[in-house]
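One structure below.
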Amino acid sequence: MWWTEDIWLNKKNAGGEERLMFYAGIDAGSNATKTVVFGDEGILASHIIKTGLGGEEQALRCLADTCAKAGISREQVVCVYGTGYGREYLKFPQSHRSELMCHGVGVHWLLPEVRTIIDIGGQDSKGIRLDDRGEVENFNMNDKCAAGTGRFLETMAHALQISLEDIGNYALLASKPVRVSSTCTVFAESEVISHVAKGENREEILLGICQSIVDRVSGIVRSIGVKPPVAMTGGVALNRAVVKLMGDRLGCPILLPPDPQITGALGAALMARRHVTAGQDL
Ligand SMILES: Nc1ncnc2c1ncn2[C@@H]1O[C@H](COP(=O)(O)OP(=O)(O)OP(=O)(O)O)[C@@H](O)[C@H]1O
Ligand SMILES: [Mg+2]
Numbered sequence: 716m717w718w719t720e721d722i723w724l725n726k727k728n729a730g731g732e733e734r735l736m737f738y739a740g741i742d743a744g745s746n747a748t749k750t751v752v753f754g755d756e757g758i759l760a761s762h763i764i765k766t767g768l769g770g771e772e773q774a775l776r777c778l779a780d781t782c783a784k785a786g787i788s789r790e791q792v793v794c795v796y797g798t799g800y801g802r803e804y805l806k807f808p809q810s811h812r813s814e815l816m817c818h819g820v821g822v823h824w825l826l827p828e829v830r831t832i833i834d835i836g837g838q839d840s841k842g843i844r845l846d847d848r849g850e851v852e853n854f855n856m857n858d859k860c861a862a863g864t865g866r867f868l869e870t871m872a873h874a875l876q877i878s879l880e881d882i883g884n885y886a887l888l889a890s891k892p893v894r895v896s897s898t899c900t901v902f903a904e905s906e907v908i909s910h911v912a913k914g915e916n917r918e919e920i921l922l923g924i925c926q927s928i929v930d931r932v933s934g935i936v937r938s939i940g941v942k943p944p945v946a947m948t949g950g951v952a953l954n955r956a957v958v959k960l961m962g963d964r965l966g967c968p969i970l971l972p973p974d975p976q977i978t979g980a981l982g983a984a985l986m987a988r989r990h991v992t993a994g995q996d997l
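In this note's numbering, the protein residues as written are 716 to 997.
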């Protein structure tokens, strides 16, 4: 990992005088709901739960759990911004913003030098290009098909009876991939099952699965023009093999935020703070 605990702590210490006002961002994603509570000293706490059936009550519970982790009461959170697939169904946030904007703002706060973000979530994958202020200057996304998303990895994990967390670790043990050529998740699942039946090496199959995601997503990212430094966000950034293969494919190192799954919620929390402290909306 390129980042150090110091960077994270420096951000935490970057605030001014202490005031007991807090801000929150909630990213109601298709797969996971993420919340960040932010104070003048930086990120106080974050929390991730499965979205499942989702809805207001679950989002409120995620926020309450984050406040509990932060050691503050819900009433001390003076402003909440929402983002993510389910944002428009939530009534309690004061406002909401697109995931593109929120990932941009969140990543810019953590890694101001980044100019391209690759966000791979549960349902879609996005390439986002940022300007030097962290504002979105171009983007493209795949939101029509599960291939090239976390959903694809989940299907494969289920088919191979392996945990999602282990896919990347085992894949990195292989030196060459068993190619998964089907572009449709359902056909790819059958293809993988037939590779297993033929006795192909498990690690090589897993590397082929990760390679298949990179094949899809790198095309989306290239279509917007890759400007380094490049960072990855979203739950799939926790898969070390996908991150490595993506870096190899794009020919540049991939930076990882400390917790890549929460950058959208972080961006929303930062916008909530800006709304209160500067009376500014992005
Ligand atoms: N430890 C892990 N290792 C690898 N992949 C993981 C891990 N944890 C989660 N994922 C992947 O991350 C995905 C969820 O990521 P994320 O929370 O960014 O999605 P989301 O924001 O809910 O989706 P979307 O943005 O598409 O609406 C899951 O589908 C899963 O494949
Ligand atoms: Mg998302």
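C-beta atoms are modelled at their ideal positions from N, C-alpha and C, and glycine is treated no differently.
Problem set entry | Rounded separation between G821 and E919 - CA only | Here the question's residue 821 lines up with position 106 in the sequence shown. Here the question's residue 919 lines up with position 204 in the sequence shown. Their backbone Cα atoms lie some 35 Å apart in a straight line.
Problem set entry | Reduced DSSP category for S909 - H, G, I as helix; E, B as strand; rest coil | Sequence index remark: in the sequence shown, residue 909 carries index 194 (1-based). In the structure shown, S909 sits in a helix (DSSP, three-state: H, G or I).
For this session: Please name the residue in I969, K859, I882 and H990 whose C-alpha comes closest to that of I832.
Result: On the sequence shown, residue 832 is found 117 positions in, with the first residue counted as 1. Ranking I969, K859, I882 and H990 by Cα distance to I832 puts I969 first.
Exercise. Would you say E814 touches ligand 2, meaning its beta carbon is less than 8 Å from a heavy atom?
Worked result: Here residue 814 refers to the residue found at position 99 of the sequence shown. True, at least one ligand heavy atom lies under 8 Å from that Cβ.
For this session: Can you grab the Cα-Cα spacing for the pair T766 / S890, in whole Å?
Result: Stepping through the sequence shown from its first residue, residue 766 is reached at position 51. Stepping through the sequence shown from its first residue, residue 890 is reached at position 175. Each residue's Cα considered, the two are about 36 Å apart.
For this session: Indicate the three-state DSSP secondary structure (helix, strand or coil) for G769 in the structure shown.
Result: Residue numbering aside, residue 769 sits at position 54 when the sequence shown is read from its first letter. The answer is coil: DSSP assigns G769 none of H, G, I, E or B.
For this session: Take the Cβ of Y804 as the centre, count every other Cβ of all protein chains shown within 10 Å, and call the residue buried at 16 or more, exposed below.
Result: As a position in the sequence shown, residue 804 is number 89, starting the count at 1. Y804 comes out exposed.
For this session: Pull up the DSSP beta-bridge partners for G757, would you.
Result: The sequence position of residue 757 within the sequence shown is 42, counting from 1. Bridge partners of G757: G754.
Exercise. Exposed or buried, R812, counting other C-beta atoms within 10 Å across all chains shown (16 or more means buried)?
Worked result: Stepping through the sequence shown from its first residue, residue 812 is reached at position 97. Buried.
For this session: Below 8 Å CB to CB, which residues in the same chain sit around Q791 once its five sequence neighbours on both sides are set aside?
Result: Position 76 of the sequence shown, counting from 1, holds the residue named residue 791. Within the same chain, Q791 has close Cβ partners L735, M736, F737 and C782.
Exercise. In terms of DSSP beta bridges, what is F902 paired with?
Worked result: Position 187 of the sequence shown, counted from the start, is the residue given in the question as residue 902. The partner list for F902 (beta bridge, DSSP) is empty, contrary to what the question assumes.
Exercise. How close, in whole Å, do the beta carbons of T978 and H818 come, if the pair is a contact with beta carbons under 8 Å?
Worked result: Residue numbering aside, residue 978 sits at position 263 when the sequence shown is read from its first letter. Residue numbering aside, residue 818 sits at position 103 when the sequence shown is read from its first letter. That pair is a contact at about 5 Å.
For this session: Within the same chain, show all residues whose beta-carbon is closer than 6 Å to that of R931, passing over the 5 residues directly before and after it, in chain order.
Result: Working through the sequence shown from its first residue, we reach residue 931 at position 216. Here the set comprises A862 and G863.
Exercise. With distances taken between CB atoms, is the gap from G883 to G865 smaller than 9 Å?
Worked result: What you label residue 883 is simply residue 168 of the sequence shown in a count that begins at 1. What you label residue 865 is simply residue 150 of the sequence shown in a count that begins at 1. Not a contact, by the Cβ cut-off of 9 Å.
Problem set entry | heavy atom of ligand 2 below 8 Å from D834 C-beta | Taking the first residue of the sequence shown as position 1, residue 834 is located at position 119. It does: the Cβ of D834 is within 8 Å (strictly closer) of some heavy atom of ligand 2.
Exercise. Relative to ligand 2, is the shortest distance from any of its heavy atoms to the C-beta of Y796 smaller than 8 Å?
Worked result: Position 81 of the sequence shown, counting from 1, holds the residue named residue 796. No, Cβ of Y796 sits at least 8 Å from all heavy atoms of ligand 2.
Problem set entry | alpha helix (DSSP H) segment containing T870, residue limits | Translated into positions along the sequence shown, residue 870 becomes position 155. G865 to L875 is the extent of the alpha helix (DSSP H) around T870.
For this session: Would you list, in sequence order, the uninterrupted alpha helix (DSSP H) runs of no fewer than 4 residues that lie entirely inside the region 767 to 841?
Result: 771 to 785 and 814 to 825
Exercise. Around the C-beta of G901, are 16 or more other C-beta atoms found within 10 angstroms, so that it is buried, or is it exposed?
Worked result: Numbered from its first residue, the sequence shown carries residue 901 at position 186. A quick correction: the sequence has Val, not Gly, at residue 901. Exposed is the call here.
Exercise. What's the gap between the Cα of C794 and the Cα of V957?
Worked result: The residue you call residue 794 lines up with position 79 of the sequence shown. The residue you call residue 957 lines up with position 242 of the sequence shown. Spanning the two alpha carbons is a distance of roughly 36 Å.
Exercise. According to the neighbour-count rule (16 or more other Cβ atoms, all chains shown, within 10 Å of its Cβ), is A980 buried or exposed?
Worked result: Counting from one through the sequence shown, the residue named residue 980 turns up at place 265. The residue is buried, with at least 16 neighbouring Cβ atoms inside 10 Å.
Exercise. Is any heavy atom in ligand 2 found nearer than 8 Å to the beta carbon of S745?
Worked result: Residue 745 sits at position 30 when you count from the first residue of the sequence shown. Flag set: Cβ of S745 near ligand 2.
For this session: May I ask you to report which of helix, strand or coil DSSP gives V958?
Result: In the sequence shown, the residue the question calls residue 958 occupies position 243. If DSSP states are grouped into helix, strand and coil, V958 belongs with the helices.
Exercise. Is the Cβ-Cβ distance between L887 and R955 less than 9 Å?
Worked result: The residue you call residue 887 lines up with position 172 of the sequence shown. The residue you call residue 955 lines up with position 240 of the sequence shown. In this structure, R955 lies closer than 9 Å to L887 by Cβ.
Exercise. If you count every other CB in all the chains shown that lies within 10 Å of the CB of A987, and 16 or more means buried, which is it?
Worked result: The count along the sequence shown starts at 1 and reaches residue 987 at position 272. When all chains shown are included, A987 counts as buried.
Exercise. Ligand 1 heavy atoms versus the CB of K859: any closer than 8 Å?
Worked result: For the purposes of this step, residue 859 is identified with residue 144 of the sequence shown, where counting begins at 1. K859 Cβ: outside cutoff for every heavy atom of ligand 1.
Exercise. In the DSSP assignment, what residue or residues form a beta bridge with M986?
Worked result: Your numbering for residue 986 matches position 271 in the sequence shown. According to DSSP, M986 bridges with nothing at all.
Problem set entry | Residues that Y738 bridges to, as DSSP identifies them | Counting from one through the sequence shown, the residue named residue 738 turns up at place 23. Answer is F753 and C794.
For this session: Determine the direct distance from the alpha carbon of G786 to that of D839, and round the result to whole angstroms.
Result: Taking the sequence shown and counting its residues from 1, one reaches residue 839 at position 124. Taking the sequence shown and counting its residues from 1, one reaches residue 786 at position 71. Answer to the nearest angstrom: the Cα atoms are 34 Å apart.
For this session: Could you tell me if the beta carbon of T999 falls within a distance shorter than 8 Å of some heavy atom in ligand 1?
Result: One cannot answer for residue 999 here, as it falls past the ends of the chain, which runs 716 to 997.
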